[in-house]
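The opening position of the sequence shown corresponds to residue 4 in my numbering, with each subsequent residue numbered one higher. Quick notes on the structure that follows.
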Amino acid sequence: MRIPAPPTGSRGRRIRYPTCYTRRTHVRERSLSLRAFAFEMSSQVTIQPSGHRFTIDGDETVLAAALREGFNLAHGCRNGACGTCKGRLIAGAIDYGNYQSSALSEAERAAGLALFCCARPLGDLEIECREIAAVKGIRIRKMPCRVEHMQRKADDVMIVRLRLPQNERLQYLAGQYLDIITQDGQRRSFSLANAAHAGELLELHIRNYGGVFSRHVFERMKVRDILRFEGPYGTFFLREEGAKPVILLASGTGFAPIKAIVEHAFHAGAARLMRLYWGGRRRADLYLNELAERWAAEHPDFAYIPVLSEPAPDDGWGGRLDLVHRAVMADFPDLSGYQVYACGNPLMVQAARADFIQRCGLQEAEFFSDAFTPASAPPPPAPR
Ligand SMILES: Cc1cc2nc3c(=O)[nH]c(=O)nc-3n(C[C@H](O)[C@H](O)[C@H](O)COP(=O)(O)OP(=O)(O)OC[C@H]3O[C@@H](n4cnc5c(N)ncnc54)[C@H](O)[C@@H]3O)c2cc1C
Ligand code: FES
4 MRIPAPPTGS RGRRIRYPTC YTRRTHVRER SLSLRAFAFE MSSQVTIQPS GHRFTIDGDE
64 TVLAAALREG FNLAHGCRNG ACGTCKGRLI AGAIDYGNYQ SSALSEAERA AGLALFCCAR
124 PLGDLEIECR EIAAVKGIRI RKMPCRVEHM QRKADDVMIV RLRLPQNERL QYLAGQYLDI
184 ITQDGQRRSF SLANAAHAGE LLELHIRNYG GVFSRHVFER MKVRDILRFE GPYGTFFLRE
244 EGAKPVILLA SGTGFAPIKA IVEHAFHAGA ARLMRLYWGG RRRADLYLNE LAERWAAEHP
304 DFAYIPVLSE PAPDDGWGGR LDLVHRAVMA DFPDLSGYQV YACGNPLMVQ AARADFIQRC
364 GLQEAEFFSD AFTPASAPPP PAPR
């Protein structure tokens, strides 16, 4: 297997992950002759246990077709990296598509599991997967918007506010994301950083990864520019039916959807104990630290714990020094009575999921996440 190239930041600078957050490998598979055969056809899919049925046209993935027809299968990245869309193939055959081996292991695949954001049908299918009722009725829309406001909050973080066309509002759940569509049709996912009640503008927190879109934002984009987006997507949002205390875990711009969730919870008067752990390498990574401190000062049920892994001497850091998910484990060796929402660096999310479930007794169904995986295509196939 080929190891993906290390990430680079703005102007070729490497983005350094804390060393314990290790890299992942990709699986690429495409049975071209069978796909060519299936390309012209449509397939019927039955979802279990609901019995819902929908049609997949042409080259659509199972997830894309389900969302188009209003069936809200659990999903996150939509590019085979996070594992959120994993479900069971009960009957029929699929092309598994391109995905990361960390999202679907060989053993899981042998046991009949698949990632529906990558899988394409080779005939009619029967599948078993989670459908998310709360997202029902929220329409995925393609819309233009205008850049209303840009604020550089750190060397590599820009807060951008977008205005929708007159009389238009976007319906979404706090925690969901949208896809910005670039002029040449590429898609880049960004979480909505404000809750829907907060007004007409959509807020994004964009990190400069040195890629196509983030460089555009940092080097060329101006107020009044027009962008196009599609959304909302994702099933990362606060489950409001329960009463369990909540651990919110963010790294870097993973704070964006967490901010929306917290603002929504305050606005809705949710009676939940919430504890936010926000991690970065350096002080500047906590680019809205004062806001989180204000939430903690104003809301007795809310606590904020900032955590740095590699502060510089001039950061003058006297706070917690750790990897952010390890700080949670130090404070909560028993997470069996908690719900966790984790967002940001995919390697942090992956480590948190594994450690919280295996070592702290968190119930698997109580871990919700959005991993900020890069949109760029995975590397070419490994020789098989
Ligand atoms: C559901 C979801 C929500 C997201 N929300 C946000 C958000 O709110 N704010 C935000 O800043 N990002 C977010 N991301 C991540 C963002 O969509 C990707 O990083 C995207 O690829 C950035 O586009 P780009 O054109 O700048 O870089 P690309 O052109 O896609 O990538 C160029 C190169 O930059 C590096 N790179 C790109 N992205 C990353 C990354 N995430 N980590 C490490 N290296 C990377 C890689 O080396 C890559 O090859 C989200 C991702 C997902 C899946
Ligand atoms: S792996 Fe399918 S949504 Fe992330």
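Just so you know, even glycine gets a beta-carbon here, dropped at the ideal spot from N, CA and C.
Contact test: residue i Cβ vs ligand 1 heavy atom, cutoff 6 Å
i: tyrosine 175; result: no
i: cysteine 363; result: no
i: proline 377; result: yes
i: serine 254; result: no
i: aspartate 373; result: yes
i: glycine 213; result: yes
i: arginine 284; result: no
i: arginine 329; result: no
i: phenylalanine 240; result: no
Heavy atom of ligand 2 within 6 Å of residue i beta-carbon
i: arginine 218; result: no
i: threonine 58; result: no
i: leucine 70; result: no
i: threonine 87; result: yes
i: cysteine 132; result: no
i: leucine 118; result: yes
i: glycine 100; result: no
i: histidine 78; result: yes
i: alanine 106; result: yes
i: glycine 178; result: no
i: glycine 257; result: no
Three-state secondary structure (DSSP) of residue i
i: phenylalanine 375; result: coil
i: lysine 247; result: coil
i: proline 9; result: With a pLDDT of only 33 at proline 9, under 50, the local geometry of the prediction cannot be trusted, and no value is derived from it.
i: threonine 25; result: Bear in mind that the predicted position of threonine 25 carries a pLDDT of just 45, short of 50, making it unreliable; the figure below should be weighed with that in mind. Note: threonine 25 maps to coil in three-state DSSP.
i: arginine 144; result: strand
i: glutamate 369; result: helix
i: threonine 185; result: coil
i: arginine 242; result: coil
i: proline 388; result: Because the chain spans 4 through 387 in this model, residue 388 falls outside it and cannot be assessed.
i: leucine 167; result: coil
i: histidine 55; result: coil
i: cysteine 363; result: helix
i: serine 339; result: coil
i: proline 314; result: coil
i: isoleucine 135; result: coil
i: serine 217; result: helix
Nearest-angstrom Cβ-Cβ length linking residue i and residue j, presumed shorter than 8 Å
i: glycine 61; j: glycine 83; result: The pair is not a contact, with the Cβ atoms about 19 Å apart (cut-off 8 Å).
i: valine 138; j: leucine 176; result: 7 Å
i: isoleucine 264; j: phenylalanine 335; result: In fact, because the Cβ distance is near 19 Å, the residues do not count as touching under 8 Å.
i: arginine 133; j: leucine 116; result: Wrong, their Cβ atoms sit about 13 Å apart, outside the cutoff.
i: leucine 107; j: valine 48; result: Their Cβ separation, rounded to whole angstroms, is 19 Å, which puts leucine 107 and valine 48 out of contact at 8 Å.
i: tyrosine 341; j: glutamate 369; result: 7 Å
Original post:
Does the count of Cβ pairs from the region 355-363 and the region 206-223 closer than 8 Å reach three?
Top reply: no
**OP:** Evaluate contact between the region 49-56 and the region 109-124, counting only Cβ atoms and requiring at least three cross-stretch pairs below 8 Å.
**Re:** no
Subject >> Inter-stretch contact at 8 Å, needing at least 3 Cβ pairs: the region 285-297 / the region 309-320 >> reply: Cβ pair count under 8 Å is three or more, so yes.
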